[in-house]
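Chains as they are written, first to last, in our numbering: chain A, 649 to 806; chain B, 649 to 806; chain C, 649 to 806; chain D, 649 to 806; chain E, 649 to 806; chain F, 649 to 806.
Cβ coordinates follow ideal geometry from the N, Cα and C atoms, glycine included.
Keep in mind the model is a prediction, meaning the values are calculated, not measured.
6 protein chains.
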Amino acid sequence: MKRALVPGTFDPITAGHLDVITRASQLVDEIIVGVAASPKKSPLFSLEERVALAREATKALPNVRVEPFDCLLVVFAEEIGANIVVKGLRAITDFEYEFQMTALNYQLNQAIETIFIMSPPQYMYLSSSIVREIACLHGDMDGFVPECVRAALEAKFA
Amino acid sequence: MKRALVPGTFDPITAGHLDVITRASQLVDEIIVGVAASPKKSPLFSLEERVALAREATKALPNVRVEPFDCLLVVFAEEIGANIVVKGLRAITDFEYEFQMTALNYQLNQAIETIFIMSPPQYMYLSSSIVREIACLHGDMDGFVPECVRAALEAKFA
Amino acid sequence: MKRALVPGTFDPITAGHLDVITRASQLVDEIIVGVAASPKKSPLFSLEERVALAREATKALPNVRVEPFDCLLVVFAEEIGANIVVKGLRAITDFEYEFQMTALNYQLNQAIETIFIMSPPQYMYLSSSIVREIACLHGDMDGFVPECVRAALEAKFA
Amino acid sequence: MKRALVPGTFDPITAGHLDVITRASQLVDEIIVGVAASPKKSPLFSLEERVALAREATKALPNVRVEPFDCLLVVFAEEIGANIVVKGLRAITDFEYEFQMTALNYQLNQAIETIFIMSPPQYMYLSSSIVREIACLHGDMDGFVPECVRAALEAKFA
Amino acid sequence: MKRALVPGTFDPITAGHLDVITRASQLVDEIIVGVAASPKKSPLFSLEERVALAREATKALPNVRVEPFDCLLVVFAEEIGANIVVKGLRAITDFEYEFQMTALNYQLNQAIETIFIMSPPQYMYLSSSIVREIACLHGDMDGFVPECVRAALEAKFA
Amino acid sequence: MKRALVPGTFDPITAGHLDVITRASQLVDEIIVGVAASPKKSPLFSLEERVALAREATKALPNVRVEPFDCLLVVFAEEIGANIVVKGLRAITDFEYEFQMTALNYQLNQAIETIFIMSPPQYMYLSSSIVREIACLHGDMDGFVPECVRAALEAKFA
């Protein structure tokens, strides 16, 4: 059985993340969405909130499970028995950073393969930080986030 | 009448910004320089100081007006009746970020067109953050900022 | 009056080119679409064919005119009285090349301003060479080119 | 059953290609290595030679099959029943081109998913064109190509 | 005599930094490793600790000396009589930033030449921030840092 | 004694090349400008013409010598006793290609170090191919090429 890890900070999960998770869920038998604690990024949503929003957003996908983690990505992948890591790619800056992290993870554990899925054009500009910025300025989030995330953002910035 | 918005944090306005504003002022009838509040960037100069420095630096340009804003760029553009946004482009990192923001703004309001002007080679390396760093280390700011900004920076780092 | 030049090889004109020309035609009073002879690129369509296809494709735009040229871009811009050059930007490779050409043109004639418009996401991947390749392999060109270009491509590769 | 297409011109197949094919063969049930005719690239090796070298180089991989194709990639993928395309990524230029082609293929057929595997650092600089250049200048190809390709290159440039 | 400055924050010095310093030490007569105070980066290690670790890590290189600095890079280069600055290059983001800083330094003092050495593939993904992150998550730092740095990181994150 | 190789096709040598060679000649004891035969690029000038123009253009630099070569760069470097290769860097595309070639050369011969010098802003857009294009269209080459090259280009395109 192929089990893949889709890691991220998901602060909060966006329509772009959901697109990657949905497409990945059709490539392998089981997906674990790994929500990184990422304390250094001072997330807007707590780890518990981010996990809850990701679970709500992915509940229609039967082979997707959401779990938090606060260790090295390769260590978490081993713990959950995933030998594939799936990442979405949007732009050059993404690419460079992902290239470095993939080379690092490959060095740390060569048994874990990282694969990349490119975001479709309509999600190419979408990121959690842009979503947070739009919400902070009370802009229209239509089409950018799942409904549960929209409500959570509106509550945060009320 | 064509009215264009030149947005930025302008912390502080540099010779590179002035070059973009001056060239843009020859392309359209009226330019509004929009100074974003950008509280998350913890600017060195207050919003009032940044507006004042930008006004002083552009006072010789008759069709240029400086205004602060603290909402989404597309919302501010609508408010002031601007249907063009002008941005200066320097390097790859700029390009990627601007590409994402332009695609986002296009999604939010397709009636607003974003156009880009490339910085000439001599301003290509210039940014507000580099200017702040030089000032902080008491370096020579000759040619990098308008005279009023030089005085303001020297006062900040005295 | 603002007159702008939209230069290119247009071998053939695509839906992405049309998008740039249409949007540019709303920014200035008059647009000259300049079709470069570009003999070194060994174009699929002759200069006459490329001009004819571009004229057919833009005939609904009242302030757009199509003209061939075989001199330096800045020389042609001067000849036609255009002080603005408009280019569409798609990706990094585009950006780098355009950056070099803009710096060069700026060196050759500082009175001519180059402005850039970013392609919307749905045209980001579109180029004349990709269109030629799809046509050559008898793929579906729906949405990629104007109707007259589709017919011309099908005739070429029949 | 998951069947994936690994497309390329393979002129000739390199150690970097083999690395991608081997790793991909562990992710899915069956791999079809699709050798594109690519007449416009004027390949050094004929299509038959390229297919024969790729077959020889992958003969130890039981779930890998090599086939030529001369139609659109998405059409070939459909013909062979592959709903996954696997590409290796090396550098920025690769990334931009692959980004464009993936967006195009996604437009042509949304049922076919493209996934990317990054080359490990030691193969990052390797390409068929560099291998051809080294062979042409009688340089040492040790570690860059499979043994059968080394012999074929030496014969070509004898 | 050629004296070169290898500047950085070195928070902490990594195997990649050591590779650049070692190779640079074979190109010139004397190397000064300049450890920038960089208070804005809120370094993990104090300036004194960073200098001490860099001295320990480079003690086997007879023509290498480590010194702290808290002024503009070109001013420090002048003070120590270095007319060459050596920087390691890893990836695109590096390149863009270094390109800007080099153009700036060239503007500030044209007598100081900046040269770049590319990191070999195995160090391409390595940076102080990645090393700090691995250490923070108690990952294996084998091969990423000199022994003295490993001990210092383990003490910090004990 | 430090002897460095500055390789290129030099079709023809430009003011940007001369800037790199001049600055490199101040860093080492002796410079060999290596003119690659590069038959695959179908150069405008013959190898003899390119060598002659480079010799004429560099005749004022006492420690610079110009030699043709038609083997692998690392083999030529060994033959002439150079253990340093100097390359000029302009833009991203350059960077990526040079990164690949440097990694390849490092693999072929680790005793040869490649160092990079960034072109100053005013030469950033300059390349042999742009110079050939300007000359072909009878544009003004002032400041782009040495006097002897201007005459040679005018003769070619008369």
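*Residue from R798(C), L709(C), Q748(C) and V681(C) whose Cα sits closest to the Cα of A730(C)*: V681(C)
*Go ahead and label A708(F) buried or exposed: buried means 16 or more other beta carbons lie within 10 angstroms of its beta carbon, across all protein chains shown.*
exposed
*Whose C-alpha, out of R738(F), Q755(F), L801(F) and V722(F), is nearest the C-alpha of H665(F)?*
R738(F)
*Where the alpha helix (DSSP H) through F724(C) begins and ends*: If you look at F724(C), you'll find it in the alpha helix (DSSP H) that goes L721 to E727.
*DSSP three-state call for L666(D): helix, strand or coil?*
helix
*asked:* Please report the straight-line C-alpha distance between A652(C) and E697(A), rounded to a whole angstrom.
replied: 52 Å
*Complete alpha helix (DSSP H) runs within the stretch 722-787 of chain D (minimum length 4 residues, chain order)*: 740-756 and 776-784
*Beta-carbon of M772(C) versus every beta-carbon of chain A: anything under 7 Å?*
yes
*Alpha carbon of N757(B) to alpha carbon of V793(D), nearest angstrom*: 52 Å
*My understanding is that L752(F) touches Y773(D), with C-beta atoms under 8 Å, so please give their C-beta distance in whole angstroms.*
5 Å
*Exposed or buried, which one is D659(E) when buried takes at least 16 other CB atoms within 10 Å?*
D659(E) sits buried, since 16 or more C-beta atoms from the chains shown fall within 10 Å of its C-beta.
*Can at least three beta-carbon pairs, one atom from the stretch 676-691 of chain C and one from the stretch 782-800 of chain B, be found at a separation below 8 Å?*
no
*Does G769(C) come within less than 7 Å of chain A when only Cβ atoms are used?*
For the sequence presented, residue 769(C) should be read as Pro rather than Gly. P769(C) counts as touching chain A.
*Using the rule of at least 16 other Cβ atoms within 10 Å of the residue's Cβ for burial, across every protein chain shown, is M766(E) buried or exposed?*
buried
*Roughly how many whole angstroms lie between the Cα atoms of A725(D) and A759(D)?*
10 Å
*State buried or exposed for D718(D), treating a residue as buried only when at least 16 other CB atoms are found within 10 Å of its CB.*
exposed
*Determine the burial state of Y745(A): buried for a count of at least 16 other Cβ atoms within 10 Å of its Cβ, exposed for fewer.*
Y745(A) is exposed by the Cβ-count criterion.
*In whole angstroms, what separates the C-alpha of K688(E) from that of I778(B)?*
13 Å
*Please report the residue range of the beta strand (DSSP E) in which A685(D) lies.*
Secondary structure note for A685(D): it is in no beta strand (DSSP E), with a DSSP letter that is neither H nor E.
*Just grab the DSSP bridge partners of I679(F) for me.*
A652(F) and V712(F)
_Residue environment, E802(E), which counts as buried when at least 16 other CB atoms sit within 10 Å_ = exposed
_Chain-ordered neighbours of Q758(E) on chain B, where CB pairs are closer than 8 Å_ = Here the premise fails: no neighbours, minimum Cβ distance about 13 Å.
*Between the CA atoms of F764(D) and P655(D) - distance to the nearest angstrom*: 12 Å
*So is V719(D) in contact with chain C if we call contact Cβ pairs under 7 Å?*
A small correction: the amino acid at residue 719(D) is Cys; Val does not occupy that position in the sequence shown. Closer than 7 Å to some Cβ of chain C, the Cβ of C719(D) qualifies, so yes.
*Could you check if P710(E) is buried or exposed, using at least 16 other CB atoms within 10 Å of its CB as the buried criterion?*
exposed
_Euclidean distance between Cα positions of F805(A) and C784(A)_ = 6 Å
*Which residues, in order along the stretch 673-686 of chain A, keep a beta-carbon less than 9 Å from a beta-carbon of chain E?*
none
*Using DSSP bridges, identify the partner residues of F717(E).*
Per DSSP, the beta bridge partners of F717(E) are A684(E).
*Would M749(C) count as contacting chain B if we go by Cβ distances under 7 Å?*
no
*asked:* For the alpha helix (DSSP H) containing V793(F), name the first residue and the last one.
replied: Counting along the chain, no alpha helix (DSSP H) covers V793(F), and no H or E run does either.
*Reducing DSSP to helix, strand and coil, say where K707(A) ends up.*
Coil at K707(A), not helix or strand.
_Here's the rule I'm using: 16 or more other beta-carbon atoms within 10 Å means buried, otherwise exposed. How should S690(D) be labelled?_
exposed
*Output yes if chain F places a C-beta closer than 7 Å to the C-beta of R671(E); else output no.*
Yes, because at least one Cβ of chain F sits closer than 7 Å to the Cβ of R671(E).
_If you reduce the DSSP assignment to three classes, tell me which class A806(B) lands in._
coil
*Secondary structure at S694(D), three-state DSSP: helix, strand or coil?*
Judged by DSSP in its simplified three-state form, S694(D) adopts coil rather than helix or strand.
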